[in-house]
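**Q**
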Ligand code: PMP
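Numbering (the UniProt record's numbering), first residue to last: 1 to 391.
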């Protein structure tokens with residue numbers, strides 16, 4: 001059919017550059033091992049940090065909700081689609097996060113979009129780390145506020161931006177808590193100090209820190225003992241929490257404001273009962289099974305140390321998100337393909353997700369991996385690393 005030839009041209013260009021990728025369907029449940037193309041491989045690419053996608057208590061809660069309340073809600077939250085369980089979960093989440101209130105959006109992506117686009121106007125400025133997640137960038141694009149981008153975790157650059165921002169109604173500093181491609185933690189204590197000095201508000205995206213950092217996985221703010229000093233915490237329920245959704249944990253005022261102005265919240269149907277019930281059960285799992293987070297960190301140390309001992313460059317990672325830096329885009333994909341042949345699924349990440357020339361195979365171990373599986377994965381990295389001249 002005629003009309004979209006320019007799209008095909010761009011796809012062909014990606015094929016020439018070696019950056020074109022097919023989707024890779026799993027033929028099994030998510031887990032430490034998964035089946036892909038009929039082959040069982042060690043999974044090192046999921047965000048299923050604690051293995052909660054298949055936690056029996058959460059599955060049971062989902063099944064019960066399905067049975068009792070059906071598979072869908074039939075409406076957006078603001079018309080007829082708020083179930084009592086939606087509000088009960090939000091209260092539980094707020095308590096868990098030590099905030100006054102919480103509100104759940106359909107995903108982490110729409111949370112960032114909905115919050116940023118609604119709370120800032122042309123009298124305001126948003127000051128954002130240059131490596132913040134795409135959903136923060138898109139949220140900022142939707143605001144009428146002025147924007148300043150500071151160099152990645154560079155506090156001088158942040159302070160310069162704050163100094164230039166004195167005349168705005170609101171200065172909002174936005175940062176990922178854990179950066180999704182490098183696995184480093186934002187220097188939140190310094191950010192808080194600067195924000196307090198220049199009278200700015202702070203928003204932290206804890207997508208990769210919820211369930212990973214802080215007491216029982218309360219996130220970056222709790223990890224740094226900064227409860228009460230960060231104005232807005234957002235995050236996802238789809239990574240360590242294992243299900244689906246995004247949340248904002250903040251004040252009652254912000255919650256009520258977002259119910260009226262957060263467009264994805266207003267105009268998109270609410271979560272099915274099974275999703276909310278499973279998310280709710282996940283909080284109990286975080287509170288009752290702290291050994292899962294301990295195992296996640298123990299596995300992270302084992303695997304990261306192993307990679308470093310083999311001579312791989314894992315960049316500035318401080319968390320389970322552990323990139324293995326490769327560089328060239330095509331070589332990054334080749335490395336990932338060779339790993340698959342060796343029984344390991346670890347996706348290559350290249351431009352535009354990361355800067356050109358900063359291609360990497362991003363690994364994330366989970367609490368589900370056994371030491372044997374991780375050693376097997378390290379052996380595969382050694383074989384491929386030597387074969388392709390990376391180590
Ligand atoms: N923020 C960050 C930092 C993320 O890594 C992600 C997930 N890719 C999101 C937000 C979006 O979360 P979700 O997958 O729930 O939309």
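Built from N, CA and C at the ideal position, the CB exists for glycine as well.
Within 10 angstroms of its Cβ, does residue 6 collect 16 or more other Cβ (buried), or is it exposed?
**A** The residue in question, residue 6, is exposed, as its Cβ has fewer than 16 Cβ neighbours within 10 Å.
**Q** Spatial neighbours of residue 372 within its chain, please: C-beta separation below 7 angstroms, excluding the five flanking residues on both sides.
**A** The answer is none, since no qualifying residue turns up.
**Q** Would you say residue 346 touches the ligand PMP, meaning its beta carbon is less than 8 angstroms from a heavy atom?
**A** Checking every heavy atom of the ligand PMP against the Cβ of residue 346, none is found closer than 8 angstroms.
**Q** Less than 8 angstroms between the CB atoms is what I'm expecting for residue 348 and residue 361, so what's the real figure, rounded?
**A** About 5 angstroms separates the two Cβ atoms, so the contact holds.
**Q** Would the C-beta of residue 278 count as close to the ligand PMP, meaning under 8 angstroms from any of its heavy atoms?
**A** Every heavy atom of the ligand PMP is 8 angstroms or more from the Cβ of residue 278, so no.
**Q** Whole angstroms are fine: how far does the CA of residue 126 sit from the CA of residue 320?
**A** Approximately 29 angstroms, taken between the alpha carbons.
**Q** State yes or no: is the C-beta of residue 242 nearer than 8 angstroms to some heavy atom of the ligand PMP?
**A** No, the beta carbon of residue 242 sits no closer than 8 angstroms to any heavy atom of the ligand PMP.
**Q** Among 241, 102 and 213, which residue has its Cα nearest to the Cα of residue 48?
**A** That would be 241, whose Cα lies nearest to the Cα of residue 48.
**Q** Taking all protein chains shown into account, do 16 or more other C-beta atoms lie within 10 angstroms of the C-beta of residue 56, making it buried, or fewer, making it exposed?
**A** Exposed is the call here.
**Q** Inspect the beta-carbon positions of residue 244 and residue 271 and report whether they are closer than 9 angstroms.
**A** Yes, they are a contact pair.
**Q** Hey, could you find the ends of the beta strand (DSSP E) residue 135 is sitting in?
**A** Careful: residue 135 lies outside any beta strand (DSSP E), inside the alpha helix (DSSP H) at 134-141.
**Q** Where do the ends of the alpha helix (DSSP H) carrying residue 293 lie?
**A** Taken as a continuous stretch (DSSP letters only), the alpha helix (DSSP H) holding residue 293 covers 291-310.
**Q** Cβ atoms of residue 250 and residue 107: under 9 angstroms apart, would you say?
**A** Not closer than 9 angstroms, so no.
**Q** Pull up the DSSP beta-bridge partners for residue 246, would you.
**A** Looking at the DSSP assignment, residue 246 forms a beta bridge with 105 and 236.
**Q** The alpha helix (DSSP H) spanning residue 327 covers which residue range?
**A** That residue, residue 327, is in no alpha helix (DSSP H); its beta strand (DSSP E) goes 321-327.
**Q** Could you give the uninterrupted runs of the alpha helix (DSSP H) lying entirely in the stretch 24-90, keeping only those of 4 residues or more?
**A** Qualifying alpha helix (DSSP H) stretches, in chain order: 56-69.
**Q** Could you tell me whether the Cβ atoms of residue 343 and residue 376 are closer together than 9 angstroms?
**A** Contact: yes.
**Q** Starting from residue 362, follow its DSSP beta bridges and name the residues at the other end.
**A** Partner(s): 323.
**Q** Do residue 311 and residue 111 have their C-beta atoms within less than 9 angstroms of each other?
**A** No.
**Q** Is the closest heavy atom of the ligand PMP to the C-beta of residue 136 under 8 angstroms?
**A** For the ligand PMP, at least one heavy atom lies less than 8 angstroms from the Cβ of residue 136.
**Q** Could you check if residue 269 belongs to the surroundings of the ligand PMP, using beta carbon to heavy atom distance under 8 angstroms?
**A** No, Cβ of residue 269 sits at least 8 angstroms from all heavy atoms of the ligand PMP.
**Q** Classify residue 322 as buried or exposed, calling it buried when 16 or more other Cβ atoms lie within 10 Å of its own Cβ.
**A** Buried is the call here.
**Q** Cβ of residue 124 within 9 angstroms of Cβ of residue 149?
**A** Going by C-beta atoms, residue 124 is not nearer than 9 angstroms to residue 149.
**Q** Whose C-alpha, out of 96, 94 and 69, is nearest the C-alpha of residue 84?
**A** Of the candidates 96, 94 and 69, the one whose C-alpha sits nearest the C-alpha of residue 84 is 69.
**Q** Between the alpha carbons of residue 225 and residue 212, how many angstroms are there, rounded?
**A** Between residue 225 and residue 212, the C-alpha separation is close to 15 angstroms.
**Q** For residue 118 and residue 133, I'd like the C-alpha separation in whole angstroms.
**A** C-alpha separation (whole angstroms): 18 angstroms.
**Q** Within 8 angstroms: the Cβ of residue 47 and any heavy atom of the ligand PMP?
**A** Yes - the ligand PMP has a heavy atom lying nearer than 8 angstroms to the Cβ of residue 47.
**Q** Quick check: the stretch 189-207 against the stretch 159-177, are there 3 or more CB pairs under 8 angstroms?
**A** The stretch 189-207, when compared against the stretch 159-177, does touch it at the 8 angstroms Cβ threshold.
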